[in-house]
Amino acid sequence: MRISIANVQAPFVKGGAEYLADSLAQKLEERGHQVACVRIPFKWYPPQTILEHVLACRMLRIQSGNPDLVIALKFPAYVLPFAHKKVWLLHQFRQAYELWGTPHQGIPNTPEGRRIRDMIMQADNVYLREAKEIYTNSRIVARRLQHYNGIGVNGVLYPPLLRPEIYRCADFGDYFFYPSRLNSIKRQALAIEAMRFVKSGFRLVLAGKADQELYLDDLRTLVKQHKLEDRVTLLGWISEQEKADLMANCYAALYIPYDEDSYGYVTLEAFHSAKPVITLSDSGGTDEVIENGVNGLILPPTAEALAAGMEELWSARQRTVHMGQAAQATLERHNIRWDHILERLVA
Amino acid sequence: MRIVVASTYVPFRKGGELTVVHHLAAALSARAYQVETVLVPLDSQRPAIMEETLAIRSLDLTESSGNKIDLLITLRTPAHAIRHPNKVAWCCQHHRRPGFDVCYLPEARRIYATSKAVAKRLKQSSDIDVHGVVYPCLFQPERFHSADFGDYFLYVSRLYPCKRQALAIQAMKYVRSPFRLVLAGQAEPAAYAAELQRLVRLLDLEDRVQLLGWVSEGEKATLLANACAALYLPTDADSCGYATLEAFQARKPVITLADSGGPTEVIEDAFNGLIVEPQAEALAAAMEKLWAAKMKAALMGRNAFDTIRLHNIGWERVLEALVA
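Heads up: the sequence lines are chains A and B, in that order.
Following the working numbering, the numbering of the first sequence begins with 888 at its first residue and continues without gaps.
Following the working numbering, the numbering of the second sequence begins with 316 at its first residue and continues without gaps.
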């Protein structure tokens, strides 16, 4: 089969969606399909720009090269017109939906902003319904689609890692590890704040490329301001192998985004490394796989609570090891594997 | 400095249109620029691309996620329609009719053409003066070398009617000497490969003509290194073609046709290749001529290599024009 994967592109920013598209492409190719990854640039500010990009996607044609199937992943790539289109929805344009009314809203709450928000919803209402099948990457995204747009889905397909085999457990070292893009919505700042309240000797290691250099500056300032230079390490971008090594030797992992749609690759990487994951009660999709006290901790979203959670794990090493083992078992329970996904998307 | 290299392409198709984008991006990042490529899919089937042009015009590439994009380099039409305060166009096509994005070309800070043919067409059709001709060049040219004077002529290119692989096959019918013809490249449309195969069978040339399909870069370099000479026979092409540059770099003369367009800008008859009339007999005679004069062919191959410098084809020139 000839399959096009339709995704959006924010130049110079690489994140989970690109990783998923690349992984999906690779897995399809391994099974003998011909794959093209089509990426349409997307910029979401000022808000009027969003509509122009939706329009651009609608006017572009993806049928060149005659694909048999188009798998679209993200807004607004899924408005590309194509007869045999399936959507594996990573998320809608969140600022118009669940982020509306939060500090991450982005679109101003003005008459114009509200009109733009309406048009985004309208576009989803109309164009998502064109898809032959719709899957989401988490239950929460499916629930939102039902709630805001009245659109039901054909199922939830949890995205697996591309190469889970590189993740392993080597040691329970003296640091908590949080690898993720540095972005305010990932709340690395909160993790640093938490370290102020920590009495024990463990460290915090943050790794990831900053989407905006400004945020990296903020994090550096925060570390300096609280004199945490010895306790907090900011590694910047690291390779997949470095990440696997750091994960293998960490004490436990953190994944504390604000209201994220999915459980996040970090969670899977930690689970494959038999490490529990600390997340927050408002982190969103993480609670679909993380169970408090079983394979990780779900804590209130404050620096003090986060510090207390890390201390709690740190003081109970045996329990932490057990939680790591439970984490590994979670992967099997949720059937997070590519075979299952390709069966649904391509069959 | 953040640079976006923007172009359009046809998904699933391999060929020079993407090579130039990826190689430019690689050359820029090798010089420590931050580079991202933006490739917008284009429907090759439709003659009018107004919608695509408007779509591309709607894309905002002035910034990305809060980071300023300092320079936009646009290549294949209608990518020139993208708005950017610091846009440099490197036009690499000459359609009979200009793309709709031609009206946005004057927004560019500088406009370059990938060949004299493209520059001329822009002037004729749209009265646009370019700032210069900047030939595309090879990425890591040192990959190509000469090893042997083998018993085959090599034609590496997408199998496509206007590349005239069929003519090369027909020419083999008139060849008396024992050399072979090797054709490498992905077919578009896919059925064209079968058509060429049929032609080979029909002319009873199964032992003389080999259709390899798509070959990797490494295989290509090895094939070139051992070829007697190369062929590049497009119809009125807009550039001299990577096939020509690769052969030149491998010190092989290139046979092209009088109506091939771009290649004739760098190929000089009897100096670094042969320019012959677009007929099977003439092409066969040209191949026979090179085959019979091995020493001359080797000398022409050396001239071919020198031609690259003669025309100032290299990354230094490209980057000086596009980025400086």
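The C-beta atom is built at its ideal place from N, Cα and C for all residues, glycine as well.
Think of a sphere of 7 Å around the beta carbon of GLN408 (chain B): no beta carbon from chain A falls inside it, the nearest being about 16 Å out. For PRO1066 (chain A), the beta-bridge partners assigned by DSSP are A:ALA1094. In chain order, ILE949 and VAL957 place their CB closer than 6 Å to the CB of PHE969 (chain A), counting only its own chain and leaving out the 5 sequence neighbours on each side. Of all C-beta pairs linking the region 402 to 421 of chain B to the region 437 to 449 of chain B, three or more are shorter than 8 Å, placing the two stretches in contact. Boundaries for ILE384 (chain B): no alpha helix (DSSP H) harbours it, and the DSSP string shows neither H nor E there.
In this structure, DSSP gives VAL941 (chain A) a helical state, which the three-state scheme calls helix.
Within the region 938 to 949 of chain A, the residues whose Cβ lies closer than 7 Å to some Cβ of chain B are GLU939, HIS940, LEU942, ALA943, MET946, LEU947, ARG948 and ILE949, listed in chain order. HIS971 (chain A) sits exposed, since fewer than 16 C-beta atoms from the chains shown fall within 10 Å of its C-beta.
Annotation: ALA613 (chain B) to LEU538 (chain B) spans about 16 Å, alpha carbon to alpha carbon. Within the region 317 to 334 of chain B, the residues whose Cβ lies closer than 8 Å to any Cβ of chain A are, in chain order, ARG317, VAL319, VAL325, PRO326, PHE327 and ARG328. A straight-line Cα-Cα distance of about 16 Å links ASP463 (chain B) and VAL569 (chain B). DSSP, read as helix, strand or coil, puts TRP1225 (chain A) in helix. Using beta-carbon distances, ASP1098 (chain A) counts as an interface residue toward chain B, with a partner under 7 Å.
Contact between the region 324 to 341 of chain B and the region 392 to 403 of chain B is absent: fewer than three C-beta pairs spanning the two stretches fall below 8 Å. With a cutoff of 7 Å on beta-carbon distance, PHE1063 (chain A) and ALA1194 (chain A) are scored as not near each other. Here DSSP, grouped into helix, strand and coil, assigns GLU1100 (chain A) to helix. Annotated three-state conformation of ASP1005 (chain A) is helix, per DSSP. For VAL1164 (chain A), the enclosing beta strand (DSSP E) stretches over residues 1164 to 1167. By the rule that beta-carbons nearer than 7 Å mark a contact, THR936 (chain A) touches chain B. The Cβ of ASP375 (chain B) sits closer than 7 Å to at least one Cβ of chain A. Not flagged as an interface residue toward chain A: SER440 (chain B), since no C-beta distance is shorter than 7 Å. Between LEU482 (chain B) and VAL524 (chain B), the beta carbon gap of about 12 Å keeps them out of contact (Cβ cut-off 8 Å). Taking every protein chain shown into account, the CB of ASP1098 (chain A) has 16 or more other CB atoms within 10 angstroms, so this residue is buried.
A direct Cα-Cα distance of roughly 46 Å separates ALA342 (chain B) from ALA1190 (chain A). The C-alpha of GLN480 (chain B) is placed about 15 Å away from the C-alpha of ALA597 (chain B). Under the Cβ criterion of 7 Å, GLY528 (chain B) is not counted among the residues facing chain A. When C-alpha distances from LEU947 (chain A) are compared across A:LEU1133, A:ARG1030 and A:ALA893, the shortest belongs to A:ALA893. For the region 976 to 1007 of chain A, the set of positions with a beta-carbon nearer than 8 Å to some beta-carbon of chain B is empty. Against chain A, the beta carbon of LEU369 (chain B) has neighbours under 7 Å at MET946, listed in chain order.
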